[in-house]
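Take the sequence shown: its position 74, counting from 1, is numbered 96 in the numbering used here, and each next residue is one higher. Note that the Cβ used here is the ideal one computed from N, Cα and C, for glycine as well. If you're wondering where the values come from, they're calculated on a predicted model, not measured in any experiment. Data block below; observations after.
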Amino acid sequence: MLIHIPQILAPETVAQLRMALAQAGPAWVDGRATAGYQGAPVKLNQQVDERSSVAIECQRVVAAALERNALFISAALPNALYPPMFNRYGEGMGFGLHVDGGIRLHPHHGNKFRTDLSLTLFLSDPDSYDGGELQIVDTYGTHSAKLPAGDMVLYPSTSLHQVTPVTRGERVACFTWVQSMVRDDGDRTLLFELDTAIQRLNATQADTEACRTLVGTYHNLLRKWGEV
Ligand code: NI
23 MLIHIPQILA PETVAQLRMA LAQAGPAWVD GRATAGYQGA PVKLNQQVDE RSSVAIECQR
83 VVAAALERNA LFISAALPNA LYPPMFNRYG EGMGFGLHVD GGIRLHPHHG NKFRTDLSLT
143 LFLSDPDSYD GGELQIVDTY GTHSAKLPAG DMVLYPSTSL HQVTPVTRGE RVACFTWVQS
203 MVRDDGDRTL LFELDTAIQR LNATQADTEA CRTLVGTYHN LLRKWGEV
């Protein structure tokens with residue numbers, strides 16, 4: 023499932039992050055520092071050293087915003103969030119087709135982290151740059167995302183994806199991964215659809231007894247499929 027989650031960050035928070043990132047100076051490093059053997063040859067961008075103080079400050083802001091977002095929680099069922107990372111693509115930069123690594127080492131404590139979901143949180147106004155689209159390939163074809171600043175796209179980490187070359191301006195974004203309580207995308211999608219339907223029924227104050235049964239079914243499926 024690929025989902026657009028609007029307004030993860032308020033405009034003033036986007037501005038605060040952009041200012042901190044603009045002042046990161048030597049913390050900006052070649053994006054290939056964290057690329058694997060498949061990604062490195064096609065990756066041309068810059069990212070903030072994930073252990074730098076500016077990265078840690080910005081990671082806290084994004085992680086707190088994600089934890090508050092009900093749509094993100096329902097869709098991702100996060101068990102753990104990889105510390106958010108920050109990148110920029112200037113003119114001529116892009117990132118060719120690749121699949122993200124399945125297991126990463128957590129930058130702060132070194133534990134293994136399974137990447138079930140990938141997310142990109144856009145931090146640049148889409149009118150301020152040309153190109154720089156995130157293109158995600160699935161069985162239905164190729165989907166493009168170039169979202170307003172503060173909006174996010176969430177997609178299965180199993181997906182082939184790329185960032186098309188930027189031809190004008192600069193594209194700044196935050197990206198990271200989620201280790202989900204429900205690792206299978208199909209199972210997670212069923213739970214998301216069920217939860218969304220229950221929220222709608224609750225909002226319309228439909229048959230409360232039937233709603234109670236559905237909430238029980240949701241939690242029993244979560245218990246069956248969830249790992250914590
Ligand atoms: Ni990627």
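For residue i, the three-state DSSP class (helix, strand or coil)
i	result
Leu176	strand
Lys246	helix
Ile30	coil
Pro170	coil
Pro63	helix
Leu43	helix
His241	helix
Gln221	helix
Leu123	One detail in the question is off: residue 123 reads as Gly in this sequence, not Leu. Reduced to three states, the DSSP call for Gly123 is coil.
Ala55	helix
Gln8	What is shown of the chain runs 23 to 250, which leaves residue 8 out entirely.
Leu99	coil
Leu145	coil
Gly112	coil
Arg82	helix
Nonlocal neighbours in the same chain, by C-beta distance under 6 angstroms from residue i, ignoring five residues either side
i	result
Pro106	Gln81, Val84, Cys196 and Thr198
Pro28	Asp173
Gly123	Gly58
Ala62	Arg54
Gln252	Outside the displayed range of the chain (23 to 250) lies residue 252, so it cannot be described from this structure.
Leu216	Tyr240
Integer-rounded CB distance, given that residue j should sit under 8 angstroms from residue i
i	j	result
Asp149	Ser202	Not really, about 34 angstroms apart at Cβ, beyond 8 angstroms.
Leu143	Met115	Between Met115 and Leu143 the Cβ distance is about 18 angstroms, and since that is not below 8 angstroms, they are no contact.
Val200	Ala98	5 angstroms
Ala49	Ser74	4 angstroms
Same chain, Cβ closer than 8 angstroms to residue i, five either side skipped, listed in chain order
i	result
Asp152	Val188, Thr189, Arg190 and Gly191
Gln60	His120 and Val121
Ala232	Leu223
Thr211	Met23
Thr22	Given that the chain is displayed from residue 23 to residue 250, the structure contains no residue 22 and the question cannot be resolved.
Proximity below 8 angstroms, CB of residue i to CB of residue j
i	j	result
Ile125	Phe135	yes
Tyr111	Val36	no
Val194	Leu145	yes
Leu176	Leu141	yes
Asp147	Ala171	yes
Tyr104	His128	yes
Ile30	Asn91	yes
Leu243	Ile220	no
Own chain partners of residue i with C-beta closer than 7 angstroms, once the 5 adjacent residues on each side are dropped
i	result
Val159	Ser181, Leu182 and His183
Val204	Leu99, Arg210, Leu213, Trp247 and Gly248
Glu79	Ala42
Leu39	Cys80, Val83 and Leu145
Discussion item. Can you confirm whether the stretch 63 to 73 touches the stretch 37 to 55 when touching is taken to mean that 3 or more C-beta pairs between the two stretches lie within less than 8 angstroms?
Written reply: yes
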